[in-house]
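**Q** First to last, the protein sequences are chains A, B, C and D.
0 is the number of the first residue of the first sequence in numbering that gives the first Met the number 0; add one for each residue after it.
0 is the number of the first residue of the second sequence in numbering that gives the first Met the number 0; add one for each residue after it.
0 is the number of the first residue of the third sequence in numbering that gives the first Met the number 0; add one for each residue after it.
0 is the number of the first residue of the fourth sequence in numbering that gives the first Met the number 0; add one for each residue after it.
By construction, the Cβ of each residue, glycine as well, lies at the ideal position given by its N, Cα and C atoms.
First the structure, then my questions, so here it is.
Number of protein chains: 4
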Amino acid sequence: MSQQNSAVVLGVGPERGLGSTLAKLFAKKGLHVFIAGRSEDKLSRVADSILKYGGKVTVVVADATKEFDVSHLFEMIRLQGLPLQIAVYNVDSNIPAPILDTEAEIFTQLWQQNCLGAFLFAKEVIASMKPHQQGTLFFTGATASLRAKPPFTAFASAKAALRALAQGLAREFSPQGIHVVHSIIDGVINGERAEQQFSEYYKSKGEEGLLKLEAIAETYWSIHCQHPSAWTHEFDLRPFKEPF
Amino acid sequence: MSQQNSAVVLGVGPERGLGSTLAKLFAKKGLHVFIAGRSEDKLSRVADSILKYGGKVTVVVADATKEFDVSHLFEMIRLQGLPLQIAVYNVDSNIPAPILDTEAEIFTQLWQQNCLGAFLFAKEVIASMKPHQQGTLFFTGATASLRAKPPFTAFASAKAALRALAQGLAREFSPQGIHVVHSIIDGVINGERAEQQFSEYYKSKGEEGLLKLEAIAETYWSIHCQHPSAWTHEFDLRPFKEPF
Amino acid sequence: MSQQNSAVVLGVGPERGLGSTLAKLFAKKGLHVFIAGRSEDKLSRVADSILKYGGKVTVVVADATKEFDVSHLFEMIRLQGLPLQIAVYNVDSNIPAPILDTEAEIFTQLWQQNCLGAFLFAKEVIASMKPHQQGTLFFTGATASLRAKPPFTAFASAKAALRALAQGLAREFSPQGIHVVHSIIDGVINGERAEQQFSEYYKSKGEEGLLKLEAIAETYWSIHCQHPSAWTHEFDLRPFKEPF
Amino acid sequence: MSQQNSAVVLGVGPERGLGSTLAKLFAKKGLHVFIAGRSEDKLSRVADSILKYGGKVTVVVADATKEFDVSHLFEMIRLQGLPLQIAVYNVDSNIPAPILDTEAEIFTQLWQQNCLGAFLFAKEVIASMKPHQQGTLFFTGATASLRAKPPFTAFASAKAALRALAQGLAREFSPQGIHVVHSIIDGVINGERAEQQFSEYYKSKGEEGLLKLEAIAETYWSIHCQHPSAWTHEFDLRPFKEPF
Chain A
0 MSQQNSAVVL GVGPERGLGS TLAKLFAKKG LHVFIAGRSE DKLSRVADSI
50 LKYGGKVTVV VADATKEFDV SHLFEMIRLQ GLPLQIAVYN VDSNIPAPIL
100 DTEAEIFTQL WQQNCLGAFL FAKEVIASMK PHQQGTLFFT GATASLRAKP
150 PFTAFASAKA ALRALAQGLA REFSPQGIHV VHSIIDGVIN GERAEQQFSE
200 YYKSKGEEGL LKLEAIAETY WSIHCQHPSA WTHEFDLRPF KEPF
Chain B
0 MSQQNSAVVL GVGPERGLGS TLAKLFAKKG LHVFIAGRSE DKLSRVADSI
50 LKYGGKVTVV VADATKEFDV SHLFEMIRLQ GLPLQIAVYN VDSNIPAPIL
100 DTEAEIFTQL WQQNCLGAFL FAKEVIASMK PHQQGTLFFT GATASLRAKP
150 PFTAFASAKA ALRALAQGLA REFSPQGIHV VHSIIDGVIN GERAEQQFSE
200 YYKSKGEEGL LKLEAIAETY WSIHCQHPSA WTHEFDLRPF KEPF
Chain C
0 MSQQNSAVVL GVGPERGLGS TLAKLFAKKG LHVFIAGRSE DKLSRVADSI
50 LKYGGKVTVV VADATKEFDV SHLFEMIRLQ GLPLQIAVYN VDSNIPAPIL
100 DTEAEIFTQL WQQNCLGAFL FAKEVIASMK PHQQGTLFFT GATASLRAKP
150 PFTAFASAKA ALRALAQGLA REFSPQGIHV VHSIIDGVIN GERAEQQFSE
200 YYKSKGEEGL LKLEAIAETY WSIHCQHPSA WTHEFDLRPF KEPF
Chain D
0 MSQQNSAVVL GVGPERGLGS TLAKLFAKKG LHVFIAGRSE DKLSRVADSI
50 LKYGGKVTVV VADATKEFDV SHLFEMIRLQ GLPLQIAVYN VDSNIPAPIL
100 DTEAEIFTQL WQQNCLGAFL FAKEVIASMK PHQQGTLFFT GATASLRAKP
150 PFTAFASAKA ALRALAQGLA REFSPQGIHV VHSIIDGVIN GERAEQQFSE
200 YYKSKGEEGL LKLEAIAETY WSIHCQHPSA WTHEFDLRPF KEPF
């Protein structure tokens, strides 16, 4: 893995978040990292900390659900000219609610963010990776990818759609050398988002009951490093204390 | 089951189709049937054949993906005033294509037709059934609900989203007396749609390799008749000759 | 369905049990029923109540895990000469315990009763049904067929083995006209066994939280009556109040 | 990871096999490796090659299905006194046949080798690891763990039983610090066994269509190295060219 290669993470938010942690790891491994998300402020802070330890990074403000934004992100990647080695679709949008209180707009938005954006991203990633017949495309899933439990029905529907997309892509593109991976993050990540969005639940877990960001990122990296003769398509990640 | 009750099937198309066959069976069982779909011509033909043998039917032209249309359909049902006993979301839209040839518009449309429409429909059905704490809500699924295989990735993604929606709804509303059911139609239906859309494949199956419409409808009816102490949430239906 | 046909239920115990209820229903439908189990007393009581309302029944004492006993049961069936229409493997043996407290003998016994017996039974059933290219073979599964939760790990392992057996049999023999079905009884049956074995849990469920025996049997019968063009291989049954 | 720790692999056969490859890797990582299997000859050859590059190894002849043998293996491990860090149940026994040609003895044997042995092994491993609240316990699964296809029904039944066992163990012992892992080897391993047992199929796959032993072992090692805050319980491994 040399500086001649690049990586992209779509869905980079707070510094203490999975997108940011993955980006930092990829930069440490010598990849030029494109980080994309909706908040320029957050992206800048992540970029700064990557630059601080000598990593290479490009910030692209992008809304994953907008075809134009996703196209633009990949134009930037192509312009730079480095072969794309890793791509992570890390957008994860969750608005829990009973179904009768869920507006069609919210139901649609969750699908757009968790699945449509992944589709737009995947098409660009595959177009970039196909000529070199290599590269890894990750999708970050959740417990809800496998089970729909109220009040997470809308989220689960979107995540199940994402999981099926990932599976279809793996079947179509693995034989062409593109490693398509779907993770099932089963538990609460020790990051800013859960801390703010589900603070009670977050606290109730305790330090030992939360997924460490660096630990997740290490496994993504190991999976990326797999030899094509033994590729993992799907794996779960869960704190040892998490009931399942 | 008396004439005091009603049923609704959204996704009624050709006469030799599942929506039409379910509507006819419900009418035969004495329910007033609301049939809805996009083609007034097709709906009229189905309505005629229901009227011919003395059934009661109301035609409502509706695009399942449009909130306004779905609302309108249920206004009609409420206006008539009969308690809703059975509701079937039978829209099933499939456009096979390699992922790189699939436009975002098509990917979105498949999701809207297979899943968003089901969400809009379900909200109305549940609002209608909750006061009586009874009724059955069916979603018609497919092999692809469980497995994403190219060139059906977009379809599979939409059907997986539908399946998760159905599961979440079952968990939320079964305890309130609403029977939520998801069928997995694993194989080719002996109807007009497959005959036209996948004609080669259709023929290759032979009479014995296709799902008979009346046979499917009978099982839907049996499931509807289940006692609440032993409800089926999910079942598959497959021609005996179908490999799986 | 005429008196010229027969049915067999292996795993008939207390009168208020699933085996007994299925046998009674089959007898009511006009089938000559062979009921088999380990307790002659219990079988006699079930047989008496079948005879009382004019049903036809043969009692065969058999331990499902003994090849000799299972062979003997089918010799009796063949001797009588009526074509076998329905066969149910209803043995369900559960001994909850933490894994470190589970002896190899118990682990083996649970597998023998839940799975090996089903295999022995299935071979005989298939040999009987193949010449007529028809008949339905049921296996009674449980929540644990899909999920292994302590202290039910040994039970879940055995039930998962049974489920895979049923799936393999369906793939091998459906095309030969034998309908192979696996049920997932997800909840507590309102019968003597649960009442005695899990009495606290049983009571906590309340009347509405338990599966009614007759309701389960009705669905088995509906599935048996399915047209071969639309066979169900697997379905769940769950009280409407049961969380899942 | 220092020489103060040990590892055990049960199910070590030919040198070009998964058991042997895992043992060699563990030895290279500095663990004292106990290798166990039925053939003293094969074990000796594997031990020799471990010793050759300076690894530490103990050979124990053991039939995984015999409680006495498994106990003896762990007495040897305890006698040596090094904390057990990794344990792999790698026995994988497959005898394909149509169900009607499968004797009860064979059906039982496949379960004993694939599942009962795993149970005996697991109990000993857990007893060894519990005091230190750490260690990784691997079970090697297969495609058939998830799907039962003739003529592999008996094998699939046994592997499904193993998978459920692994799941129950993970739920019971993860919170106690023991990492329980189930792999799904989906494809043909480039080893002696497949080469001999399924030679036609093996050849048809070509070099690129087979799982490389070292590649599999690398992923096992990565999973072992995971931080407890993000443990994988199940993952698949598949050659990039393998259809699934």
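If you reduce the DSSP assignment to three classes, tell me which class residue 102 of chain B lands in.
**A** Translated into the one-based positions of the second sequence, residue 102 of chain B becomes position 103. DSSP places residue 102 of chain B in coil when its eight states are reduced to three.
**Q** Would you say residue 226 of chain D reaches chain A, if we count a Cβ-Cβ gap shorter than 8 angstroms as a contact?
**A** Here the question's residue 226 of chain D lines up with position 227 in the fourth sequence. With 8 angstroms as the cut-off, residue 226 of chain D counts as an interface residue toward chain A.
**Q** Return the first residue and the last residue of the beta strand (DSSP E) that residue 264 of chain C is part of.
**A** This structure gives no information on residue 264 of chain C, because the portion of chain C shown stretches from 0 to 243.
**Q** Using 8 angstroms as the limit for Cβ to Cβ distance, is residue 211 of chain D near chain C?
**A** Translated into positions along the fourth sequence, residue 211 of chain D becomes position 212. No, residue 211 of chain D does not count as interfacial toward chain C.
**Q** In the stretch 113-139 of chain C, which residues sit with their C-beta less than 8 angstroms from some C-beta in chain D, listed in chain order?
**A** Taking 8 angstroms as the Cβ-Cβ cut-off against chain D, the residues of the stretch 113-139 of chain C that qualify are 114, 115, 118, 119, 121, 122, 125 and 126.
**Q** Among B/54, B/164 and B/4, which has the Cα closest to the Cα of residue 19 of chain B?
**A** Translated into the one-based positions of the second sequence, residue 19 of chain B becomes position 20. For residue 19 of chain B, the nearest C-alpha among the options comes from B/54.
**Q** Kindly indicate which three-state DSSP category residue 48 of chain C falls into: helix, strand or coil?
**A** Taking the first residue of the third sequence as 1, we reach residue 48 of chain C at position 49. Helix at residue 48 of chain C.
**Q** If you drop the 5 nearest sequence neighbours on each side, which residues of the same chain put their C-beta closer than 8 angstroms to that of residue 146 of chain A?
**A** Numbered from its first residue, the first sequence carries residue 146 of chain A at position 147. Cβ within range, chain order: 155.
**Q** Take every Cβ of the stretch 56-69 of chain B, pair it with every Cβ of the stretch 30-47 of chain B, and state whether three or more of those distances are shorter than 8 angstroms.
**A** Yes: the two stretches touch, three or more of their Cβ pairs being nearer than 8 angstroms.
**Q** Where residue 223 of chain A and residue 153 of chain D are concerned, what is the direct C-alpha to C-alpha distance, given to the nearest angstrom?
**A** Walking along the first sequence from the start, residue 223 of chain A turns up at place 224. Walking along the fourth sequence from the start, residue 153 of chain D turns up at place 154. If you take the alpha carbons of residue 223 of chain A and residue 153 of chain D, they lie about 35 angstroms apart.
**Q** Under a CB-based cut-off of 8 angstroms, is residue 216 of chain C close to chain D?
**A** The residue labelled residue 216 of chain C in the question sits at position 217 within the third sequence. So, not an interface residue.
**Q** Once DSSP output is grouped into helix, strand and coil, what is the label at residue 107 of chain D?
**A** Start at 1 with the first residue of the fourth sequence, and residue 107 of chain D comes out as number 108. Residue state, collapsed to three classes: helix.
**Q** Let's test the definition: count the other Cβ atoms within 10 Å of the Cβ of residue 205 of chain C and tell me whether it reaches 16, buried, or not, exposed.
**A** Position 206 of the third sequence, counting from 1, holds the residue named residue 205 of chain C. So residue 205 of chain C ends up on the exposed side.
**Q** Residue 187 of chain A to residue 65 of chain D, Cα distance in whole Å?
**A** For the purposes of this step, residue 187 of chain A is taken as residue 188 along the first sequence, with counting starting at 1. For the purposes of this step, residue 65 of chain D is taken as residue 66 along the fourth sequence, with counting starting at 1. Looking at the two C-alpha atoms, the distance is approximately 42 angstroms.
**Q** Measure the beta-carbon distance from residue 89 of chain C to residue 10 of chain C and round it to whole angstroms, keeping in mind my assumption that it falls under 8 angstroms.
**A** Along the third sequence, one-based indexing puts residue 89 of chain C at 90. Along the third sequence, one-based indexing puts residue 10 of chain C at 11. Contact holds; Cβ gap of about 3 angstroms.
**Q** Starting from the beta carbon of residue 15 of chain C, find every residue of chain B whose beta carbon is closer than 7 angstroms, and list them in chain order.
**A** Indexing the third sequence from 1 puts residue 15 of chain C at position 16. What residue 15 of chain C touches in chain B: nothing, since even the nearest Cβ is about 14 angstroms away.
**Q** So which residues of chain F does residue 107 of chain C contact, with C-beta pairs closer than 8 angstroms?
**A** Among the protein chains in the structure shown, which are A, B, C and D, there is no chain F.
**Q** Output the residue ranges of the beta strand (DSSP E) runs that lie fully inside the stretch 114-182 of chain D and measure 3 residues or longer, sorted by chain position.
**A** If we require 3 residues or more, the beta strand (DSSP E) runs fully inside the stretch 114-182 of chain D come out as 135-141.
**Q** Identify every residue that forms a DSSP beta bridge with residue 31 of chain B.
**A** Walking along the second sequence from the start, residue 31 of chain B turns up at place 32. Paired residues: B/5 and B/55.
**Q** Measuring straight from C-alpha to C-alpha, what distance separates residue 148 of chain C and residue 130 of chain D?
**A** Position 149 of the third sequence, counted from the first residue, corresponds to residue 148 of chain C. Position 131 of the fourth sequence, counted from the first residue, corresponds to residue 130 of chain D. One C-alpha to the other measures close to 23 angstroms.
**Q** Of the residues that make up the stretch 167-179 of chain A, which ones have a beta carbon closer than 9 angstroms to any beta carbon in chain D?
**A** Listed by position along the chain: 169, 170, 173, 174, 175, 176, 177 and 178.
**Q** Tell me whether the beta-carbon of residue 113 of chain D lies closer than 8 angstroms to the beta-carbon of residue 92 of chain D.
**A** Within the fourth sequence, the letter at position 114 stands for residue 113 of chain D. Within the fourth sequence, the letter at position 93 stands for residue 92 of chain D. Yes, they are a contact pair.
**Q** Residue 177 of chain C: which of C/225, C/105 and C/77 sits nearest, CA to CA?
**A** One-based indexing of the third sequence puts residue 177 of chain C at position 178. Taking only the C-alpha atoms, the option nearest residue 177 of chain C is C/225.
**Q** Tell me whether residue 0 of chain A sits in a helix, a strand or coil according to DSSP, three-state version.
**A** Sequence index remark: in the first sequence, residue 0 of chain A carries index 1 (1-based). Because the pLDDT at residue 0 of chain A is just 43, under 50, the model does not fix this residue reliably, and the value given afterwards should be weighed accordingly. Of the three classes helix, strand and coil, the one that applies to residue 0 of chain A here is coil, per DSSP.
**Q** Judging by CA-CA distance, which residue of B/163, B/200 and B/122 is the nearest neighbour of residue 100 of chain A?
**A** Locating residue 100 of chain A in the first sequence gives position 101, counting from the first residue. Answer by Cα proximity: B/122.
**Q** Quick one: Cα of residue 95 of chain B to Cα of residue 143 of chain B, how far?
**A** Stepping through the second sequence from its first residue, residue 95 of chain B is reached at position 96. Stepping through the second sequence from its first residue, residue 143 of chain B is reached at position 144. Rounded to the nearest angstrom, the two C-alpha atoms are 12 angstroms apart.
**Q** Would you check if the distance between the CB atom of residue 16 of chain B and the CB atom of residue 192 of chain B is smaller than 8 angstroms?
**A** Within the second sequence, the letter at position 17 stands for residue 16 of chain B. Within the second sequence, the letter at position 193 stands for residue 192 of chain B. Yes, these two residues count as a Cβ contact at 8 angstroms.
**Q** Please determine, among D/201, D/120 and D/228, the residue with the shortest C-alpha to C-alpha distance to residue 173 of chain D.
**A** By one-based count along the fourth sequence, residue 173 of chain D stands at place 174. Residue 173 of chain D has its Cα closest to that of D/228, out of D/201, D/120 and D/228.
**Q** With a cut-off of 8 angstroms on the beta carbons, I'd call residue 207 of chain C and residue 201 of chain C a contact; round off their distance for me.
**A** By one-based count along the third sequence, residue 207 of chain C stands at place 208. By one-based count along the third sequence, residue 201 of chain C stands at place 202. No, residue 207 of chain C and residue 201 of chain C are not in contact; Cβ-Cβ is about 13 angstroms, not under 8 angstroms.
**Q** Is residue 240 of chain A close to chain D? Criterion is C-beta to C-beta, closer than 8 angstroms.
**A** Your numbering for residue 240 of chain A matches position 241 in the first sequence. For residue 240 of chain A, the answer is yes, since a Cβ of chain D falls inside 8 angstroms of its Cβ.
**Q** Output yes or no for whether 8 angstroms exceeds the beta carbon distance between residue 69 of chain C and residue 136 of chain C.
**A** Stepping through the third sequence from its first residue, residue 69 of chain C is reached at position 70. Stepping through the third sequence from its first residue, residue 136 of chain C is reached at position 137. For residue 69 of chain C and residue 136 of chain C, no; Cβs fall outside 8 angstroms.
**Q** Looking only at its own chain, which residues have a Cβ that is under 7 angstroms from the Cβ of residue 165 of chain B, when we skip the five neighbours before and after it?
**A** As a first step, residue 165 of chain B is located in the second sequence; it is residue number 166 there, counting from the start. Excluding positions up to five away in sequence, the list reads 138, 179 and 181.
**Q** In whole angstroms, give me the CA-to-CA distance for residue 67 of chain C and residue 167 of chain B.
**A** To locate residue 67 of chain C, count along the third sequence from 1; it is residue 68. To locate residue 167 of chain B, count along the second sequence from 1; it is residue 168. Roughly 47 angstroms separates the two Cα atoms.
**Q** Thinking just about the alpha-carbon of each residue, which of D/41, D/4 and D/13 is nearest to the one in residue 81 of chain D?
**A** Residue mapping note: residue 81 of chain D aligns to position 82 of the fourth sequence, counting from 1. That would be D/4, whose Cα lies nearest to the Cα of residue 81 of chain D.
**Q** Hey, how far is the Cα of residue 240 of chain D from the Cα of residue 231 of chain A?
**A** If you number the fourth sequence from 1, residue 240 of chain D lands on position 241. If you number the first sequence from 1, residue 231 of chain A lands on position 232. About 13 angstroms.
**Q** Cβ of residue 0 of chain D less than 8 angstroms from any chain A Cβ?
**A** Taking the fourth sequence and counting its residues from 1, one reaches residue 0 of chain D at position 1. Since pLDDT at residue 0 of chain D reaches only 43, below the 50 mark, its modelled position is unreliable, and the value read off the structure follows with that caveat. Chain A, which has no Cβ nearer than 8 angstroms to the Cβ of residue 0 of chain D, makes this no.
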